[in-house]
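As structure tokens, the structure follows; a few thoughts come after it.
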Amino acid sequence: MTVFADFRSVVLDALAQLQAEGRVPSGLDTAAVAMETPRDPAHGDLATNAALVLARPAKLAPRALAEALAEKLRAHPQVRSAEPAGPGFLNLRVDEAVWRAELREAIDLGAGWGRSEIGAGKSVDIEFVSANPTGPLHVGHMRGAVFGDALANLLQAAGWEVTREYYINDAGGQVDTLARSAYLRYLEAHDRSIEIPEGLYPGEYLRDVGAALRAQFGDRFVDQPEEAWLEPIRDFAVARMMDEIREDLAALNIHMDLYSSEKAIAQSGAVEQAIGRLEEMGLIYRGVLEPPKGKLPEDWEPREQTLFRSTAYGDDVDRPIRKSGGSWTYFAPDIAYHYDKTQRGYDLLVDVLGADHGGYVKRLKAAVAALTEGRVPLEARLCQMVNLFKNGQPYKMSKRSGNFVTLRDVIDEVGPDVARFVMLMRKNDAQLDFDFDKALEQSRDNPVWYVQYAHARTASLARQAQEAGFLLDDAGLATADADLLDHPSEMALIRKIAEFPRHVEGGAQAQEPHRIAFYLYDLAGVFHALWSRGKEEEELRFVQASDPEGTRARLALVRATQLTLANGMRILGVTPMDEMR
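Add 458 to a position in the sequence shown, counting from 1, and you land on the number used in my numbering.
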């Protein structure tokens, strides 16, 4: 339990008292009652929306219900004041001992501080990256990779059982294009002059693939017809690209639990099985779609197609699953892949997709809802574009032209920690500007440096305390007299530390790992401010040889700060630094 959860229960107990007295009707739905920190600390320690969300069903004015709740809450031994505010908010001040107790909790729990059990051991499959294996990962893939991995870490911290999955699109036209592009580089490796036609991949990265093909096959496929070499070269090139993708992800500290193959799913008959299941449910039919809205494409014609009745599950239009020539559309293998995932027993599926896949979400959600009869929800998280800047100029990328910034380029420039933190400093569905110069600044304007520097300062203070002869074992620090921490700046840091479990739970429920990045930046700011005040006010210095008990209490505060920063950074996949140079 957190302070916020504890006092939410206190508010609900006050509500129950009002119900017992007949002043409030029973049976109210309290799920939306929340406890949070007021935006302005001058308003109190905690704020609840209870009166606002319960007033209408209780048939009371919000302000009147807030006054009634305040009356009950003032009688609680740990509530120092309860004051209605605005249209029905209720601000609370609580005994400072409540906050100080969180220091001991943080130190006692150590690496477990901030973790939650709201996931209750439910299982979730998070599919992310899933880039076509036609070239190296670029910076656009990086954002989805970092977001997906941080989301996995966050849900694990909140008590979920998480599977990280990559779906390899190793069937279809794009891998045939890869094979043809690689074959030209194979010829080039045999000293043949080549010209790369439009529509093939011109990237320099394929030269290494061409050399590897020569080493593997010699001149076996030189001057041979396409049917002789397309399949083996395609398989070799895809495997080579996937090896490179795995290495790139590892350089970003991302390790998948499962790689699934589109080709293997298709060969297993899973597409026919999934579509057959939909046919049994009466959701596959032959029909003619309405013309697309707006100006009609020149080649559009009304024709009968095999369709999935996705509108029965919230989609805008029904979706084709077979082409006119009889082959499956791109959607059919995706249905089969998601059907395969639902058969593994997950409680939740999450797809992390690029913003350009936004129009694809409704049909996927419809397919999963149909195949599971609504038992397994699918949630899609879209990652917007990343705009790169360096030396004040934008970086441009185009995968087909071969002129693009790879994930490895970014890591080599700024390192995985900086890359990950910066990618998480905006909500996933907002565009992100990545400025290489700012990412390496050593200033408050660079959030990753600012947070890591805060952790390094806690480690420096620990070394300083050890040199002064203070014992720093967690068992001893947990029993320090926290009542000695009574300065407003110290209490501000304690309150900020106590917020951490709430941010883990809230971030997990909303599937927004950027909340942890924002929180860590704020926590670092409160800690740096206290450290700076200690330079001017001797009584606030963390280590004071003349005040051993006060020093022990302040070192407990430092240790709780250090644990919170470290645990938060691990959720983001960022290394807590003990020294900064």
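Here a beta-carbon is modelled for each residue, glycine too, at the ideal position from N, C-alpha and C. These figures come from a predicted structure and were not determined experimentally.
Could you please give the first and the last residue of the uninterrupted beta strand (DSSP E) stretch that includes LEU574? In the sequence as displayed, the identity of residue 574 is Ser instead of Leu. Segment: none, SER574 is in no beta strand (DSSP E) and carries neither H nor E.
Pull up the distance between the alpha-carbon of LEU1023 and that of ASP566, whole angstroms please. The alpha-carbon atoms of LEU1023 and ASP566 are separated by roughly 16 Å.
Within a Cβ cutoff of 8 Å, which residues of the same chain sit near ALA603, ignoring the five residues on either side of it in sequence? For ALA603, where only same-chain residues beyond five positions count, the Cβ hits under 8 Å are PHE586, VAL587, LEU595, LEU707, LEU710, ILE712, LEU865.
Assign HIS596 to one of three DSSP states: helix, strand, or coil. Residue state, collapsed to three classes: strand.
Could you tell me the boundaries of the beta strand (DSSP E) in which ARG839 lies? Where ARG839 is concerned, the enclosing beta strand (DSSP E) stretches over 836–841.
Reference ALA1067; option with closest CA among MET493, LYS530, LYS517: Look at the range of the chain in this structure, 459 to 1039, and you will see that residue 1067 is not part of it.
Residue closest to LEU645, alpha-carbon to alpha-carbon, out of ALA728, ARG622, ALA490, PHE675: The residue with the shortest Cα to Cα distance from LEU645 is PHE675.
Contact check, THR1033 vs GLN910, beta carbons under 9 Å: Yes, they are a contact pair.
Tell me the rounded alpha-carbon separation between ILE626 and TYR717. Cα to Cα, ILE626 sits roughly 7 Å from TYR717.
Is DSSP giving VAL620 helix, strand or coil here? In this structure, VAL620 counts as strand in the three-state DSSP scheme.
Using a Cβ distance threshold of 8 Å, determine whether the stretch 532–551 contacts the stretch 982–1000, with at least three qualifying pairs required. Between the stretch 532–551 and the stretch 982–1000 there are fewer than three inter-stretch CB-CB distances shorter than 8 Å, so the stretches are not counted as touching.
With DSSP collapsed to three states, give me the class of LEU829. Looking at LEU829 - three-state DSSP - the assignment turns out to be helix.
Count the other CB atoms, across all protein chains shown, that sit within 10 Å of the CB of VAL482; report buried if there are 16 or more and exposed otherwise. VAL482 is buried by the Cβ-count criterion.
Just how far apart, CA to CA, sit ALA578 and GLN614? Cα to Cα, ALA578 sits roughly 10 Å from GLN614.
How would you label PRO749, buried or exposed, when you count the other beta carbons within 10 angstroms and need 16 or more for buried? Exposed, since its Cβ has fewer than 16 Cβ neighbours within 10 Å.
Between the C-alpha atoms of ALA790 and ASN845, what's the straight-line distance to the nearest angstrom? Straight through space, the alpha carbons of ASN845 and ALA790 are spaced by roughly 33 Å.
Output the boundary residues of the alpha helix (DSSP H) element that contains SER918. It spans 905–925 - the alpha helix (DSSP H) in which SER918 sits, taken as one unbroken run.
Euclidean distance between Cα positions of PHE953 and LEU1030: The question names Phe, but residue 953 in the sequence shown is Arg. The straight-line gap from Cα to Cα measures roughly 22 Å.
In its own chain, which residues sit with a C-beta less than 7 Å from the C-beta of ASP939, not counting the 5 before and 5 after it? These residues qualify, in order along the chain: GLU1007, ALA1011.
C-alpha distance - GLU925 paired with PRO520, whole-angstrom precision: The alpha-carbon separation between GLU925 and PRO520 amounts to approximately 57 Å.
Quick one: residues in its chain with C-beta nearer than 8 Å to the C-beta of VAL633, no 5 flanking neighbours on either side, listed in chain order? Cβ neighbours of VAL633 within its own chain (closer than 8 Å, five residues either side excluded): ASN590, PRO591, THR592, ASN627, ARG692, ALA695, VAL696.
Is GLN969 buried or exposed, if buried means 16 or more other CB atoms sit within 10 Å of its CB? GLN969 is buried by the Cβ-count criterion.
For GLY817, does the count of other Cβ atoms within 10 angstroms reach 16, so buried, or fall short, so exposed? By the C-beta density criterion, GLY817 is exposed, having fewer than 16 other C-beta atoms within 10 angstroms.
From GLY803 to SER581, what distance separates their C-alpha atoms? Approximately 8 Å between the Cα atoms of the pair.
If you draw a straight line from the C-alpha of ARG744 to the C-alpha of ARG601, how long is it? About 40 Å.
Confirm, please, whether the CB-CB distance from LEU807 to LYS820 is below 9 Å. With contacts defined by Cβ atoms closer than 9 Å, LYS820 and LEU807 do not form a contacting pair.
Along the alpha helix (DSSP H) that carries ASP891, what are the first and last residues, could you check? Secondary structure note for ASP891: it is in no alpha helix (DSSP H), and the uninterrupted beta strand (DSSP E) holding it is 890–893.
Assuming the contact rule is C-beta atoms closer than 8 Å, TRP557 and ALA956 should be a hit. Round their C-beta distance to whole Å, please. Confirmed, about 6 Å.
Where are the beta strand (DSSP E) runs, 3 residues long or more, that stay fully inside the stretch 505–563, in chain order? The DSSP assignment places complete beta strand (DSSP E) segments of no fewer than 3 residues inside the stretch 505–563 at 537–543, 547–552, in order along the chain.
When we look at the beta-carbon of THR916 and count the other beta-carbons within 10 Å, is it buried (16 or more) or exposed? It counts as buried.
For PRO852, which three-state DSSP category applies? For PRO852, the secondary structure class from DSSP, reduced to helix, strand or coil, is strand.
Separation of ASP774 from ALA828, as counted between CA atoms: Cα to Cα, the separation comes out at about 15 Å.
For LEU807, write down the residues that DSSP places opposite it in a beta bridge. Secondary-structure assignment with DSSP links LEU807 through a beta bridge to ASP583, LEU836.
Please report how far the alpha carbon of MET881 lies from the alpha carbon of PHE892, in whole angstroms. PHE892 has its alpha-carbon roughly 8 Å from the corresponding atom of MET881.
Tell me the residue span of the alpha helix (DSSP H) that contains VAL461. Membership of VAL461 in the alpha helix (DSSP H) is indicated by the continuous run 461–478.
Can you tell which of ALA463, ASP677, GLY546 has the C-alpha that lies nearest to the C-alpha of ALA526? The shortest C-alpha separation from ALA526 is found at GLY546.
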